[in-house]
Amino acid sequence: MTEDDIPEERHDAGFDVVKARRAAKNPNRPGERCRASAGRFVPVVDRRRCEGKAECVAVCPHGVFEVGRIDETEYRAMPALVRFKLWAHGKKTAFTPKANACRACGLCVVACPEKAITLREAPTRG
Ligand code: SF4
Ligand code: SF4
10 MTEDDIPEER
20 HDAGFDVVKA
30 RRAAKNPNRP
40 GERCRASAGR
50 FVPVVDRRRC
60 EGKAECVAVC
70 PHGVFEVGRI
80 DETEYRAMPA
90 LVRFKLWAHG
100 KKTAFTPKAN
110 ACRACGLCVV
120 ACPEKAITLR
130 EAPTRG
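Heads up, this note's numbering is the position in the sequence shown plus 9, with the first residue counted as 1.
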């Protein structure tokens, strides 16, 4: 995917074509530039870093992300400093409800201001 391939019109809430195109120009973008088949890679969010700013929601061309409140059990299991940071951001964090739609374009990785996202190869299904 090049910046010109990013669709002008998308109907997913939160998608921002300007931000997506900016991320597409980043030379450090990892991944397979949307040549991977859907679900071969998945984005993994490090909740210790995530601040729920939703840049991932804005740039993902496949609607993979959603920002919501962290599960209370997971929150309580975090170290105190991380809990404080999460609390300061309204306990918001990114989820990946449509991870199996990921095409490994890498836009979310370079757009995340907290460097909280990595792409991992999904385990092969038997
Ligand atoms: S993963 Fe990064 S871009 Fe997405 S909400 Fe968290 S901090 Fe923001
Ligand atoms: S790498 Fe996957 S999750 Fe990240 S922006 Fe591209 S399609 Fe979306």
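By construction, the Cβ of each residue, glycine as well, lies at the ideal position given by its N, Cα and C atoms. These numbers were taken from a predicted model, which means no experiment stands behind them.
Helix, strand or coil at residue i according to DSSP, with G and I counted as helix
i    : result
A108 : helix
V54  : strand
V76  : strand
R129 : strand
K62  : coil
K34  : coil
G135 : Below a pLDDT of 50, predicted positions are generally treated as unreliable, and G135, at 49, falls in that range; no measurement from the model is reported.
A67  : helix
C-alpha gap between residue i and residue j, whole angstroms
i    : j    : result
L116 : E130 : 16 angstroms
K124 : R85  : 23 angstroms
I126 : G99  : 20 angstroms
G23  : N35  : 21 angstroms
T105 : P52  : 7 angstroms
V118 : A47  : 17 angstroms
A32  : W96  : 28 angstroms
K62  : P132 : 28 angstroms
A89  : L128 : 27 angstroms
Neighbourhood of residue i by C-beta, 6 angstroms cutoff - its chain only, sequence neighbours within 5 removed
i    : result
A103 : V54, C59, C65, F74 and V76
R56  : T102
Residue i beta carbon near ligand 4 (any heavy atom closer than 7 angstroms)
i    : result
R112 : What this structure holds is ligand 1 and ligand 2, not ligand 4.
8 angstroms CB neighbourhood of residue i in its chain, flanking five on each side removed
i   : result
T28 : It is Lys, not Thr, that sits at residue 28 in the sequence shown. Excluding residues within five positions, the ones whose Cβ falls inside 8 angstroms are E64, A67, V68 and A120.
For residue j and residue i, believed in contact at Cβ under 8 angstroms, the rounded distance
i   : j    : result
A45 : R112 : 5 angstroms
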